[in-house]
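**Student:** These protein sequences, in sequence, are chains A and B. The first sequence begins at 1 in the numbering used here and counts up one residue at a time. The second sequence begins at 1 in the numbering used here and counts up one residue at a time. Pasting a structure below so you can have a look.
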Amino acid sequence: MNIRFRHSRRLALASAAAVSATVLLASCSGGSSGSDALDLTSTPPTGVTLTLWHNTGDSPALLDLYKAYEKASGNTIDLVDLPSDTFTNAVQTKWSTGDRPDILEYLPTSQDMLQLNMAENMVDLSSMDFVKAEGSLAQSAGSLNGTTYGAVLGPNATYGVFYNKKVLAEAGISAPTNYTELEADCSAISAAGATPVFVGGGSEFPAMMIPGFTYMADFNQNDSYGQAVKNGTTKVNDPSGPLVAGLTVLDTLRSSNCLNGDAATATFDDAVQAVFTGSAAMTVLPSDFITQFYTAGNGDTAAVDSAIGLGAISAQKGIASYSPNAYGSYFVPKTGDTTKERAAADFIQWVTSTGYQSYVDEAKIVPTLSTATAPDLTGLSADMKTLLSSPDATLAFNSSLPGFGNYGKIAVSVLVGQATPQGAADQFQTFVDQAIAAQQ
Amino acid sequence: MTLTKADESLPAGAARDDRSHRRAALKAAGPRGSARRRRTGGRKTYRLWFALPAIALVAFFFAIPFVANGILSFTKWTGFSSVIRFTGFDNFTSLMSLGILGHATLVTVLFALITMVVQNVVGLSLAKALQHTDRVNSVFRSLFFIPVLISPLAAGYIWAAILAPNGPLNGFISLFVPGFDFSWLGQPSSALLLVGFIDGWKWSGLVTLVYIAGLNSINRSVVEAAVLDGASGWRRFRSIEFPLLAPAFTFNTVLTLVGSFSALDVIFATTKGGPGDATSVLNVAVFNQYGQGLFGTSSALSFMIALLVMITAVPLIWWLRRREVHA
């Protein structure tokens with residue numbers, strides 16, 4: 001009896017393991033099942049319902065774009081909300097179970113695209129009309145090894161310093177364009193009674209703005225830095241390299257009391273409020289935060305534009321970096337349903353052509369495609385356009401950087417004095433190595 | 001299988017003998033015995049049907065995921081490729097060399113110890129204070145149980161606001177120390193301790209109830225005898241109540257320690273594993289690895305949590321149960 005029981009228990013365990021392994025391997029290693037070459041010349045279907053995994057942070061202009069497409073095409077867009085603060089994780093979670101939408105809104109940088117194995121899982125959109133209309137802002141995103149998988153409508157984010165004009169005037173200084181100037185300005189701003197630079201490190205990503213997205217702009221022309229790290233010809237922990245230097249700037253600002261005392265726990269909302277109210281002179285954030293400044297000013301855009309400015313800042317050159325956003329970037333996953341795949345491609349075709357201009361006008365963004373012209377932009381939006389349109393602007397350093405997902409914690413560890421710049425960079429290099437190995 | 005009341009009154013060996021006699025008698029009884037056997041078999045099947053939902057739930061939501069997680073821990077499974085390859089212990093060695101496994105395990109153990117101590121000390125103290133059921137104590141019992149009912153995320157956000165540099169705690173301290181400004185959750189030294197305290201505060205109400213039940217189940221005559229013998233309150237607690245609370249102590253210790261190994265929500269709402277990696281418990285590390293498309297290493301970390309629970313819980317329960325017997 002006992003022997004039989006033990007035997008059957010072993011059998012049950014073995015069966016469970018076998019079932020688990022079978023289920024797992026069947027669900028996870030299946031890869032794509034859709035067609036490799038979608039006929040984009042055929043007449044697009046109508047009356048189709050398309051699921052769209054979208055970021056809950058989508059602007060009203062994007063939501064209006066979806067509605068406009070529904071009206072124009074006769075198809076229905078079924079929006080699946082994915083929370084903006086954990087967007088990539090939410091997509092990864094659903095994606096890894098084999099679930100697929102008909103249209104995916106997602107980050108179009110090469111590292112993020114690789115994480116979804118787009119070469120196997122997405123429909124090749126290279127032959128679509130929008131590819132010919134892509135400007136430099138769009139060309140740097142949405143494609144892998146010369147194949148276009150995504151349409152990037154914008155807004156593209158640019159990274160710069162938001163400053164309170166009155167506070168800087170009272171301190172007798174102008175907006176710094178490099179970190180040497182910024183360090184020198186700290187004492188004058190402090191003497192004027194304001195916090196020189198506010199960092200919302202509690203939200204993690206603002207901690208990356210100074211040492212990464214802005215400082216590194218000088219070193220990533222044509223994505224050279226990210227590619228060199230990816231190829232292994234450059235190490236992020238090179239003691240004389242720019243990444244260590246950027247972290248050193250953050251460390252110097254922290255130790256010289258240039259930053260707010262609660263930099264480790266304050267959030268990006270706190271940063272916007274502090275600069276808007278003048279308790280802090282500057283904060284370094286993506287241009288996406290223009291909207292938050294307008295919100296802080298109760299929608300009085302003219303008042304906000306007269307109080308707040310946005311300028312480029314980098315290690316030395318005073319240039320900005322930019323990166324494409326998940327917002328307004330669309331991919332067509334291979335689902336095996338050619339009717340829906342064709343309808344999804346029709347969606348891409350429509351939003352990049354017929355519907356694009358009205359979207360650009362409503363969103364007040366710099367267009368990434370030549371199928372629309374830029375609307376008249378004023379104030380902070382005009383500042384953003386200046387930064388994005390500069391021929392010196394470079395692609396953000398993270399676009400091709402393997403293991404970038406750990407950089408936020410690395411920057412915070414320096415921000416709170418938990419790690420030295422070199423120690424933090426050494427730790428980051430191990431994450432880079434892990435990511436490179438995972439991609440092989 | 002189950003003992004009748006008559007069986008229970010017999011020594012174990014006698015009950016076994018009685019059952020074998022009954023089996024022999026049934027065999028000898030022929031067709032009538034077969035009918036009884038069928039009835040007994042039917043009763044067993046009937047019980048199995050009742051157990052089936054629980055078995056199915058455990059199988060689908062625990063056993064299969066657990067086995068699957070174990071298998072995936074030894075594979076290279078990433079978002080970068082559609083192929084899953086077995087790679088032996090590579091995930092574990094990689095996580096070790098990255099410093100993630102050692103650090104996250106250490107932080108998890110420290111966090112669990114802090115929460116266990118906080119919950120049991122606070123819970124036992126409150127249980128002693130609120131042991132007797134009267135109107136006032138019932139109000140306070142309900143009051144202290146409220147945090148248990150609050151969402152862990154909400155609890156985390158509330159405490160993050162209280163502990164913020166410009167929050168009410170610093171405001172209160174500033175009344176006595178003007179200009180006091182300390183980033184409680186922003187310092188690696190204080191963040192882990194405080195997050196542990198917050199989690200402990202959150203669940204102390206539950207532990208309190210278990211201890212109250214334990215205290216009230218102690219035979220009053222034993223305590224009264226000690227009172228008559230002149231034993232002080234502390235002596236009664238140390239020599240009588242605490243030893244006789246052993247079953248409640250076992251339950252609370254294991255529950256609080258093992259439960260804290262898989263904590264994530266409170267930590268995510270307060271520090272997100274930061275500052276830096278000061279509060280990065282294993283589940284935070286799982287989340288971070290997963291978010292980068294490294295599903296195999298993420299599974300390996302999850303597997304570590306399961307191992308940690310088993311390695312800790314089994315000997316702990318064994319030791320505490322022995323203590324119960326001694327008590």
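Every residue, glycine too, gets a C-beta built ideally from N, C-alpha and C. Here the structure is a predicted model, which is why all the values come from computation and not from measurement.
1) What are the residues that DSSP puts in a beta bridge with Y322 (chain A)?
2) Taking 8 Å as the CB-CB limit, is V236 (chain A) close to chain C?
3) Where do the ends of the alpha helix (DSSP H) carrying P152 (chain B) lie?
4) Can you give me the C-alpha to C-alpha distance between S126 (chain A) and A217 (chain A), rounded to a whole angstrom?
5) Quick one, which of A:F404, A:T394 and A:G423 has its alpha-carbon nearest A157 (chain A)'s?
6) Would you kindly report the start and end of the unbroken beta strand (DSSP E) that includes V284 (chain A)?
7) Let me know if D199 (chain B) comes out buried or exposed under the rule of 16 or more other beta-carbons within 10 Å of its beta-carbon.
8) Given that a residue counts as buried once 16 or more other Cβ atoms are within 10 Å of its Cβ, and exposed if not, what is G328 (chain B)?
9) Give the DSSP bridge partners of R238 (chain B), in chain order.
10) Could you tell me the distance, in whole angstroms, from the CA atom of E324 (chain B) to the CA atom of A246 (chain B)?
11) Should G200 (chain B) be flagged as near chain A, meaning a C-beta pair shorter than 8 Å?
12) Is the beta carbon of A296 (chain A) closer than 8 Å to that of T283 (chain A)?
13) Going by DSSP in three states, K76 (chain B) sits in which element: helix, strand or coil?
14) So, at 7 Å on beta carbons, what are the nonlocal neighbours of P44 (chain A) in its own chain, with the 5 sequence-adjacent residues on each side left out?
15) If K94 (chain A) and I308 (chain A) are in contact, beta carbons under 8 Å, what's the gap, nearest whole angstrom?
16) I want to see whether chain B comes within less than 8 Å of K165 (chain A), judged by CB atoms only; does it?
17) Could you list which residues in chain B have their beta carbon closer than 8 Å to that of A326 (chain A), in chain order?
18) Beta strand (DSSP E) containing F428 (chain A): first to last residue?
19) Would you call the stretch 381-398 of chain A in contact with the stretch 247-254 of chain B, where contact means no fewer than 3 C-beta pairs closer than 8 Å?
20) Is it a yes or a no for the stretch 266-275 of chain B touching the stretch 54-72 of chain B, going by three-plus beta-carbon pairs under 8 Å?
21) Taking C-beta pairs closer than 8 Å, name the residues in chain B that A274 (chain A) reaches, listed in chain order.
22) Answer yes or no: does any C-beta atom of chain B fall closer than 8 Å to that of E441 (chain A)?
23) Q221 (chain A): buried (16+ other C-beta within 10 angstroms of its C-beta) or exposed?
24) Could you round the C-beta distance between A281 (chain A) and A194 (chain A) to whole angstroms and report it? I think they count as a contact, below 8 Å.
25) Any C-beta of chain A sitting closer than 8 Å to the C-beta of M310 (chain B)?
26) At a CB distance below 7 Å, what residues from the stretch 108-121 of chain A approach chain B? Give them in sequence order.
27) Interface residues of chain A around P165 (chain B) at Cβ under 7 Å?
28) Using 10 angstroms around the beta-carbon of D270 (chain A), count the other beta-carbons present and answer buried if the total reaches 16, otherwise exposed.
29) Enumerate in chain order the residues of its own chain whose CB-to-CB distance from Y290 (chain B) is below 7 Å, with the five nearest sequence positions on each side excluded.
30) For V416 (chain A), collect the residues of the same chain with a Cβ closer than 6 Å to its Cβ; drop the 5 residues on either side in sequence, then sort them by chain order.
31) Does the stretch 71-85 of chain B come within contact of the stretch 297-312 of chain B, defined as at least 3 CB pairs closer than 8 Å?
32) Tell me the rounded alpha-carbon separation between V199 (chain A) and I267 (chain B).
33) Measuring alpha carbon to alpha carbon, tell me which of A:G246, A:G226 and A:L107 ends up nearest I410 (chain A).
34) By the 8 Å beta-carbon criterion, what residues does the stretch 87-103 of chain A contribute toward chain B?
35) Say whether chain A places a C-beta atom closer than 8 Å to the C-beta of L294 (chain B).
36) Applying the 10 Å Cβ sphere with the 16-neighbour rule, what's the burial state of W330 (chain B)?
**Tutor:** Reading off the structure:
1) Answer by DSSP bridge pairing, in chain order: A:T158 and A:L395.
2) Note that chain C does not occur in the displayed structure, where the protein chains are A and B.
3) Its alpha helix (DSSP H) spans residues P152 to I162.
4) Cα to Cα, the separation comes out at about 29 Å.
5) Of the candidates A:F404, A:T394 and A:G423, the residue whose Cα lies closest to the Cα of A157 (chain A) is A:T394.
6) According to the DSSP assignment, V284 (chain A) belongs to the beta strand (DSSP E) that extends over A280 to P286.
7) It is buried - the Cβ of D199 (chain B) has at least 16 other Cβ atoms within 10 Å.
8) The question about residue 328 (chain B) has no answer, for chain B in this structure spans 1 to 327.
9) According to DSSP, R238 (chain B) bridges with nothing at all.
10) Rounded to the nearest angstrom, the two C-alpha atoms are 5 Å apart.
11) Closer than 8 Å to the CB of G200 (chain B) there is not a single CB belonging to chain A.
12) Cβ atoms of T283 (chain A) and A296 (chain A): not closer than 8 Å.
13) In the structure shown, K76 (chain B) sits in a strand (DSSP, three-state: E or B).
14) Correct list, in chain order: R342, A343 and D346.
15) Between I308 (chain A) and K94 (chain A) the Cβ distance is about 38 Å, and since that is not below 8 Å, they are no contact.
16) Using a CB distance cut-off of 8 Å, K165 (chain A) does not count as an interface residue toward chain B.
17) For A326 (chain A), no chain B residue has a C-beta closer than 8 Å to its own C-beta; the minimum C-beta separation is roughly 14 Å.
18) Not the beta strand (DSSP E): F428 (chain A) falls in the alpha helix (DSSP H), residues P421 to Q439.
19) With a cut-off of 8 Å, the stretch 247-254 of chain B and the stretch 381-398 of chain A do not count as touching, because too few Cβ pairs lie within range.
20) With a cut-off of 8 Å, the stretch 54-72 of chain B and the stretch 266-275 of chain B do not count as touching, because too few Cβ pairs lie within range.
21) In chain order: nothing, as chain B lies at least about 11 Å away.
22) The structure shown does not extend to residue 441 (chain A), since chain A is modelled only from 1 to 440, so the question has no answer here.
23) Burial call: exposed.
24) Contact holds; Cβ gap of about 5 Å.
25) Taking Cβ atoms only, chain A never reaches closer than 8 Å to M310 (chain B), which makes this a no.
26) Within the stretch 108-121 of chain A, L114, Q115, L116, N117 and E120 place their CB atoms closer than 7 Å to a CB of chain B, listed in sequence order.
27) Below the 7 Å Cβ cutoff, chain A contributes G261, D262 and T265 as neighbours of P165 (chain B), in chain order.
28) With 16 or more other Cβ atoms within 10 Å, it is buried.
29) The answer, listed in chain order, is S298.
30) Non-local C-beta neighbours of V416 (chain A) in its own chain, meaning closer than 6 Å and more than five positions away in sequence, comprise A264, ordered along the chain.
31) The answer is yes - the stretch 297-312 of chain B touches the stretch 71-85 of chain B, with three or more Cβ pairs under 8 Å.
32) Within the model, the alpha-carbon separation for V199 (chain A) versus I267 (chain B) is close to 21 Å.
33) Ranking the options by Cα distance to I410 (chain A), first place goes to A:G246.
34) Those residues of the stretch 87-103 of chain A that come within reach of chain B (Cβ to Cβ, closer than 8 Å) are T88, N89, Q92, T93, W95 and S96.
35) Under the Cβ criterion of 8 Å, L294 (chain B) is counted among the residues facing chain A.
36) This structure gives no information on residue 330 (chain B), because the portion of chain B shown stretches from 1 to 327.
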